[in-house]
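Q:
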Amino acid sequence: MEGLIEYGYWGLFLGSFLAATIIPFSSDVLLVALLVAGGKAVPAIIFATIGNWLGGMTSFGLGWLGKWEWLEKWFKVTPEKIEKHAEKIAKWGPWLALLTWLPGVG
């Protein structure tokens with residue numbers, strides 16, 4: 002938290018970006034922490050929104066550029082595993098998608 006206060010809005014931006022890409026956590030916690038530390042709401046929301054948006058676009062771009070061979074080599078993910086999880090997503094996806102709207106979860 003001290004780093005967040007030290008880096009302010011740019012720390013929030015970076016945290017929001019990372020939360021939307023490679024680190025699975027909720028950037029809502031960072032936003033609230035910055036506001037509690039005395040940050041102003043409008044700039045904090047702008048920095049968090051832009052960070053999340055750019056992180057999401059980065060994730061999309063990585064997925065679009067990615068190749069199956071890379072997934073199998075670096076992440077040990079096989080097409081069979083993807084198919085297995087696709088069945089679970091087809092069954093539970095709508096309910097799990099609702100959870101992404103909860104603060105601290107999604």
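Take the sequence shown: its position 77, counting from 1, is numbered 78 in the working numbering, and each next residue is one higher. Cβ coordinates follow ideal geometry from the N, Cα and C atoms, glycine included.
Which residues in the same chain have their Cβ closer than 7 Å to the Cβ of T79, if we skip the five residues on either side of it in sequence?
A: E73
Q: Between the segment 64-72 and the segment 22-38, do three or more beta carbon pairs fall short of 8 Å?
A: The segment 64-72 vs the segment 22-38: no contact.
Q: Between the Cα of A21 and the Cα atoms of E81, W102 and L55, which residue gives the shortest distance?
A: L55
Q: Label F14 either buried or exposed according to how many other C-beta atoms from any shown protein chain fall within 10 Å of its C-beta, with 16 as the threshold for buried.
A: buried
Q: Just how far apart, CA to CA, sit L99 and I83?
A: 22 Å
Q: Going by the beta-carbon positions, is the gap between S17 and A49 smaller than 8 Å?
A: Yes, they are a contact pair.
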